């Protein structure tokens, strides 16, 4: 009986324990079923950059799911299938996606897209540098101080969003402010020299004041052609198209204004380039910011400061020569040519080799060789492009009234879709800064070699650069886009958008545009090879060995740039480009007083006849 009682107790206990355990297991199973699980799948079957595909797989939780990406999604809707996939992801970049179910449960997944191929590794290696510079050199001080709302609002006053829900914002970078304020300051400091000096500038370029006894390597015209070849480039075609498509016709007004103001900055920096140039024993000339920053500060008792700024400038412009002057230009020229010829892959490498050979033949002769080519190429390429623009505008001349109205209305009463007034202004000024390089000091390197006894005279010649580059060429590109209505409703961007506009009027316009782009890129590469070479010799010594090593590396970067996608390298090039303005403008502000005295003295000599016309 006792055994039967104990057996019953054990059996009953076992039953309850078993039932409880089963219940716990059931609860655990149910809990696991309800748990939100987020997984990723990354596919990348190409060696090119920006070709990775990220697919997010979700299980558990309660449907439907919503997705918030750290990067803008390419999708145009919020369906599960589309938003859970991010196309054209960048290799080497960190991404995160937050998945939220219908009950508000969130799960965040953070990961890095692997970079394997050379283009992918190259791009990803530059990404941290670009991120650092964006944070500290190109931050938005107005927004940081709470002076304005940086959100883009729609017509109802509501924030506009990207497909992933991220609010669209407008950024006013510090570097753009730095350049614009400098241009305004010098315009007033020199009493609108950008307008009153144009007539004399043209006289100098035409050789009216040439002095055969003057020391230098190139004529006024050759110096101008060389400098213009370094500024008139893809930015005039692709960059303007981007500005107009994003900022609307109103960006054109601010583009022109920035170009006019930049003429004053060019006057100052190119005058200093000649004034503080160094003439070597073999007759070659070294000039530009590397010289006037060092000598100008030393003259005022700040030797170490001037030397530091000079070294910084030389280092940055050498990197800019590799990235912006070589790789980017070759990349875009090869891409355009490959598109027209309907070839790809290894063909781009051969195009790059061809460009490198042509460049190598020219730069062997130094600045004189470059000048001989640019004085012929620049007028040809500019003339071809301007002619194409005039044909398109002429075919749509009946739209002139409406186009002008769009420009002025868009400049002062822009649509919210374009980012409002601030967005349009920033786009116009930013594009002008990238295009004409006023304030960056690069052009003064070419102008410092001009044959002249009077530094101010070369400042007058340099006035014409922003006018030619921005006020004429960039404006014509903008007008082509506006007159044809191509700036809206197009999937194409950059130079492809410009090609669409030309194609509406000129049959086979892509061929002509390809020629123009190639010439633009080629001449820009030539000029920047000289800028970079001068910087290298300033850093490592003026010798044929240093020059030879630089030129060899420069030619190799042409082939590399043409062969692969650049990704973050392009952003790095842009940032290096604008960083030049930091040390350069500091020097221009400091030495503006002596340039003012030199200008007054120059006018006095012309009035007295001491400086007389020779032709």
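Numbering (the numbering used here), first residue to last: -19 to 595.
Quick reminder that beta carbons are idealized off the backbone N, C-alpha and C, glycines included.
Since the model is a prediction, treat every value here as computed from it, not as a measurement.
Candidates the options: closest to residue i by CA position
i	options	result
residue 431	165, 123, 158 and 189	189
residue 529	540, 310 and 517	517
residue 490	183, 477 and 382	477
residue 209	284, 104 and 497	497
residue 275	256, 264, 289 and 265	256
residue 159	418, 380 and 47	418
residue 495	320, 125 and 165	320
residue 527	414, 266 and 14	266
residue 507	68, 354, 295 and 220	354
residue 175	24, 244 and 187	244
residue 437	383, 177, 235 and 295	177
residue 298	560, 30 and 151	560
residue 531	510, 392 and 151	510
residue 126	152, 70, 108 and 111	152
residue 312	502, 342, 576 and 339	502
residue 582	356, 196, 344 and 435	435
residue 162	329, 184, 578 and 567	567
CB contact flag (residue i, residue j, <8 Å)
i	j	result
residue 513	residue 254	no
residue 170	residue 247	yes
residue 504	residue 309	yes
residue 117	residue 555	yes
residue 564	residue 249	yes
residue 260	residue 551	no
residue 252	residue 571	yes
residue 181	residue 358	no
residue 412	residue 445	no
residue 373	residue 233	no
residue 94	residue 544	no
residue 464	residue 580	no
residue 415	residue 450	yes
residue 371	residue 486	yes
residue 40	residue 16	yes
residue 35	residue 64	yes
residue 459	residue 515	no
residue 97	residue 27	yes
Cβ shell of residue i (< 6 Å), same chain only, five flanking positions each side left out
i	result
residue 390	228, 229 and 230
residue 331	314, 317 and 542
residue 203	426, 427 and 430
residue 539	332, 333 and 336
residue 304	553 and 557
residue 410	156
residue 591	585
residue 74	92
residue 351	198, 202 and 206
residue 439	247, 250 and 251
residue 19	37
residue 289	273 and 563
residue 80	46 and 86
residue 365	496
Residues of its chain near residue i, where Cβ-Cβ distance is below 7 Å and the 5 sequence neighbours each way are ignored
i	result
residue 327	318
residue 549	102, 103, 106, 303 and 307
residue 82	42, 43 and 44
residue 569	none
residue 6	Note that residue 6 scores 46 on pLDDT, short of 50, meaning its location in the model is unreliable; the coordinates nonetheless yield the value given after this. Nothing listed; no residue qualifies.
residue 589	none
residue 60	Reliability fails at residue 60, whose pLDDT of 43 lies under 50, so the model's placement of it is uncertain and no value is given.
residue 295	519
residue 76	50, 88, 89 and 90
8 Å Cβ shell around residue i - same chain, five flanking residues per side excluded
i	result
residue 3	Because the pLDDT at residue 3 is just 48, under 50, the model does not fix this residue reliably, and the value given afterwards should be weighed accordingly. The answer is none, since no qualifying residue turns up.
residue 360	499
residue 8	Low confidence applies here, because residue 8 scores a pLDDT of 48, under 50, leaving its location unreliable; read the following figure in that light. Excluding positions up to five away in sequence, the list is empty.
residue 493	217, 316, 368, 475, 478, 479 and 482
residue 11	Any reading at residue 11 must be qualified, since the residue scores a pLDDT of 49, below 50, and its modelled position is unreliable; no value is offered.
residue 154	117, 118, 119, 120 and 121
Heavy atom of the ligand ZN within 7 Å of residue i beta-carbon
i	result
residue 177	For the ligand ZN, the structure offers nothing, since it holds no ligand at all.
task = Decide yes or no for the touch test of the segment 234 to 243 against the segment 444 to 461: beta carbon pairs closer than 8 Å, at least 3 of them.
result = yes
query = Where in the segment 294 to 334 do unbroken runs of the beta strand (DSSP E), each at least 3 residues long, occur, reported from the N-terminal end onward?
reply = none
key: Any alpha helix (DSSP H) of 4 or more consecutive residues that is wholly inside the segment 528 to 564   = 548 to 559
key: Length at least 4, wholly inside the segment 450 to 515: the alpha helix (DSSP H) runs in chain order   = 455 to 463 and 474 to 483
query = Between the segment 283 to 292 and the segment 480 to 489, do at least 3 Cβ pairs fall closer than 8 Å?
reply = no
message = Which complete alpha helix (DSSP H) runs does the segment 334 to 386 hold, if anything under 4 residues is left out?
response = 346 to 375
query = Counting only runs that start and end within the segment 189 to 269, where is the alpha helix (DSSP H) found for 4 or more residues in a row?
reply = 200 to 211, 220 to 227 and 231 to 255
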